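Colleague:
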Amino acid sequence: MKTRSETSLTPARDAAPSEGLLSQPAALDVLFEQRSPAEAEPLEPVLEARAVTVRYGAAVAVSDVSLDVHRNRVTAFIGPSGCGKTTLLRTFNRMNDLVPGAVVSGRVAYHGVDVNGAGVDPIEVRRRIGMVFQRPNPFPKSVFDNVAFGLRLHGLKDDLSGRVEEALRRAALWDEVKDRLGKNALGLSGGQQQRLCIARALAVEPDLLLMDEPASALDPISTTRIEDLLRELRSQVTIVIVTHNMQQAARVADLTAFFSVEPTGGDEHERGGVLIEYGPTEQLFTRPADRRTEDYVTGRFG
Amino acid sequence: MTGREASPLSGGARLRRRRAASAGAELLSLLAAFVAVAVLVVVVVSIFLKGAGALSVHLFTRTPVPFGETGGGIEQALIGTAELVALATSIALPAGVLVAVYAHEFAPAGVARLVRLCLNVLAGVPTIVVGILVFTLMVKGSGQSGWAGALALSIIMVPLVARGSEEVLAVVPATLREASLALGATRARTVLRVVLPTAVGGIVTATILAVARVAGETAPLLFTSSIAATTVNTDPQRPLASVALSIFADSESPDPHAHQEAWAAAFVLLVFVLAISIGARLVASRARGGRLR
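Below, the structure written as C-alpha cells:
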C-alpha cells in the first residue's frame, strides 16, 4: 500500500495519461460507494507484475507490462485477440514454463516473493495460485475424485469428503451433484463441468484464482451462473479473469486492465501485447483515459 | 461441346472420360478389397477343412502320442504358448508403456523423434534375428529356457505396445495435463494419475494386438525354447513348448496323423488370434466411446 502510489501501473514509455490511476482515491470512491461497504477496504496487492515481457522465440507476446492484482477484488484483463492477456495470466502461476520456447523476463512477485526466483518451486506456486481454463477440462473420473484430486495431491486427506463438499458448495454446484458424486464428471453439462473445475481449483484453497475466459465455451445461462459465482467468491479469494466479453468485465470486475497489440520495437512489424490502461472498471468503461481504450470499449474495434 | 445448346447439363466427351475413370478406380479398389477378404476366407476355410478331422477334445487335453498312434494332442504346446505369451507380456507391457510415456511426455522433441525411429526399426527387425540375439545372450552356454523364449517374444512386442500407447497418449487432451499441473501436480504424477488412466483403453488394445501378433511367432522361439517337447512343462527355467513350433514339428513329421494334427493346431491358433484381435477392436471402440470420446 505504501509504495503503490509511486508505482506506475502502466508502462512508463506509453506516456499514459492513466499512469498511477489507482492511486487517485477519488476515482476509487466513486466506484466503491456503489458497492457494499466491505468492498471499500483498502487495496492490498497480492501479486505485482513489473516490466513483464514474454517472448515465444522471436515473437513478443507480452511487452513490458506492470500492474498489481489486489486482494479480494476481481480484476479483468480485456483486449483484442493476440494482445497477450492469456499469456500474461499464465506467467502468474508459471504455466508458461511448460510452453517450449517461452521466455519470461521482468518480475512477478506474489506476496513480495518473485515466483521465478531461485528456490521457488513452480509446484508450490501453482498450488497457491489456482487456474480455471477456457474450456471445461474435468478429468474423466468421478465428480468426487475430480475435486479430491488436488487435495490428495497435497496430502490434505483428513476429512476429504467434508473438504470436497465445501469446495462444491463454494462453486455453487453441491445441490446439483450431491446425489451423483460417484458418476463420471464428463456426464455433467458444460456449465456444471466448468463449475466443477472451479470447485477443483478452490478445494486446495488458493488465495489467487486465475480464470482464462472461463465462460467463453458456455451458453448464456451457464455464463450468468459463473458470473454470479465470481461475485460471491470475491470476498474469499482474489480473482483475475481474462475475457473477450466486455459486458462480462463490466458485470463482474472491480478493476479492469485493457491490453492492445502495439508496435513494441523500432520496427513496425514487431508487435506485441501492451497494457494500455488499468483502473476501476466503471471508470475504464465510462471515462477511459486513453483513446485506444475508448475505441475498444465503444466497439469501434476488436 | 457441340451438344451444349441441345442439353446444357448433359456434359461433353471430357466429362464422360472423367466418369469412366472414376468408375474404373472404384472398381479396382472394390476388387482389391474383395481379394483381401477372400484370402482370409480361403485360409480359414482350408485350414478348418484339413484340420477338422483332428479337432477333438483330445487335442486340448492330451500330449503327443508315439509315431503311428492316433488320438494325441498338443496340450503341452497350448500351455507353453500361454505361458510364453504371458511372460513376454509381463515384460513388454511395462517396458513399452514406459518407452511411450518417455517419448511422449518427457523427452525433448529431438530425442523423442530418435526414440520413435528406433521403435520403427525394431518393429521391422526380422523375428529370426531377435531369436539369434537372445540365443547369443541367454541360451549359449546355459541352454534353452522359457525365459529366453519369452524375452525374444517381448522384444518383438515392445515396439508394438510402445507405438500403440504413444498414439493414445497423443489423443489425451493437453487441457487435462494442464488442469493437473495447474493444481500443483508434478509431471510424473500427472502421467500416473491423469494421462495413463485416460489412455488405458488404448494401451490395452495395443497390448492385445501385440499378444495376437506374438502368439503365432515361430522364428524367435526356434533357438530359444524347445521344439520337441512332448510333455507338459510349466517351469520357465526349462524350455517351454509352443503351438507354432508344434505345427512346424508336426508338419515335418512323416506321420500323416501328425500332419492332420498340425492343421488342427493351426486352426486353433488362428481362431485364438482372430478372437483376440476382434476383442481388441471391441475394447478400442468402447474406450473411444467412454473415456476419450
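So the protein lines, in turn, are chains A and B. The first sequence begins at 1 in my numbering and counts up one residue at a time. The second sequence begins at 1001 in my numbering and counts up one residue at a time. No residue lacks a Cβ here, since even glycine has one placed at the ideal position from N, Cα and C. As the structure is a computational prediction, the values presented were derived from the model and not from experiment.
Anyone know if the C-beta pair for A:Ala49 and A:Leu67 falls short of 7 Å?
Modeller: Contact flag set, yes.
Colleague: Answer with yes or no whether the minimum CB distance from A:Phe139 to chain B is below 7 Å.
Modeller: yes
Colleague: Excluding the five sequence neighbours on either side, which residues of its own chain have a C-beta within less than 8 Å of the C-beta of B:Ala1170, listed in chain order?
Modeller: His1104
Colleague: Are the Cβ atoms of B:Ala1150 and B:Gly1131 separated by less than 7 Å?
Modeller: Taking 7 Å as the Cβ cut-off, B:Ala1150 and B:Gly1131 do not qualify as a contacting pair.
Colleague: Between A:Leu229 and the rest of its own chain, which residues show a CB-CB distance below 8 Å, the 5 nearest in sequence each way excluded?
Modeller: Ala171, Ala172, Arg195 and Ile198
Colleague: I'd like to know whether the C-beta of A:Ser36 is nearer than 7 Å to at least one C-beta of chain B.
Modeller: With a pLDDT of 46 at A:Ser36, under the threshold of 50, the modelled position of this residue cannot be trusted, and the question is left open.
Colleague: Check whether the Cβ of B:Gly1072 lies closer than 6 Å to any heavy atom of the ligand GTP, and answer yes or no.
Modeller: Only the bare structure without any ligand can be found here, which leaves the ligand GTP out of the picture.
Colleague: Can you check whether the C-beta of A:Gly155 is within less than 7 Å of a C-beta belonging to chain B?
Modeller: no
Colleague: Under three-state DSSP, which class holds A:Glu205?
Modeller: coil
Colleague: Report yes or no: is there a C-beta of chain B within less than 7 Å of the C-beta of A:Ile123?
Modeller: yes
Colleague: I'd like to check one pair, A:Gly279 with A:Phe259: are the Cβ atoms closer than 7 Å?
Modeller: no
Colleague: For a test of the three-state rule: what should DSSP assign to B:Thr1190, helix, strand or coil?
Modeller: Looking at B:Thr1190 - three-state DSSP - the assignment turns out to be helix.
Colleague: Note down, in chain order, every chain B residue with its Cβ under 7 Å from the Cβ of A:Lys131.
Modeller: Just to set this straight, residue 131 of chain A is Met in the shown sequence, not Lys. Per Cβ cutoff of 7 Å: Ala1182.
Colleague: Hey, which unbroken runs of the alpha helix (DSSP H) at 4 residues or more fall wholly within the region 120 to 182 of chain A?
Modeller: 122 to 128, 143 to 153, 160 to 170 and 174 to 177
Colleague: Strictly under 7 Å for the Cβ-Cβ distance: is A:Gly182 near chain B by that measure?
Modeller: Among the residues facing chain B, A:Gly182 is not included, as its CB has no counterpart in that chain under 7 Å away.
Colleague: B:Ile1128: which of B:Val1200, B:Val1042 and B:Ser1225 sits nearest, CA to CA?
Modeller: B:Ser1225
Colleague: Leaving out the 5 sequence neighbours to the left and right, which residues in its chain are closer than 8 Å to A:Ala167 when beta-carbon positions are compared?
Modeller: Val147, Ala199, Arg200, Leu202 and Ala203
Colleague: Would the region 203 to 212 of chain A and the region 234 to 245 of chain A be scored as touching if the rule is three or more Cβ pairs under 8 Å?
Modeller: For the pair of segments examined, the region 203 to 212 of chain A was found to touch the region 234 to 245 of chain A: the number of CB pairs separated by less than 8 Å reaches three.
Colleague: At least one CB of chain A closer than 7 Å to the CB of B:Ala1179: is that the case?
Modeller: yes
Colleague: Which term fits B:Pro1064, buried or exposed, when burial requires 16 or more other beta carbons within 10 angstroms of its beta carbon?
Modeller: buried
Colleague: Give me the Cα-Cα distance between A:Arg292 and B:Pro1173, rounded to the nearest whole angstrom.
Modeller: So the alpha carbons of these two residues sit roughly 37 Å apart.
Colleague: Can you check whether the C-beta of A:Arg127 is within less than 7 Å of a C-beta belonging to chain B?
Modeller: yes
Colleague: So if I threshold CB-CB distances at 9 Å, which residues from the region 1191 to 1206 of chain B count as touching chain A?
Modeller: Per Cβ criterion, the list reads Arg1193, Val1194, Pro1197 and Thr1198.
Colleague: Output needed for A:Asn93: all residues of its chain with C-beta closer than 7 Å, excluding positions within five of it in sequence on either side, in chain order.
Modeller: Val125, Arg126, Ile129, Met131 and Leu210
Colleague: What does B:Leu1160 touch in chain A if you count any residue whose Cβ is under 9 Å from its own?
Modeller: What B:Leu1160 touches in chain A: nothing, since even the nearest Cβ is about 25 Å away.
Colleague: Consult DSSP for A:Leu28 and reduce its assignment to one of helix, strand or coil.
Modeller: Annotation note: pLDDT 44 at A:Leu28 (below 50); position unreliable, no value reported.
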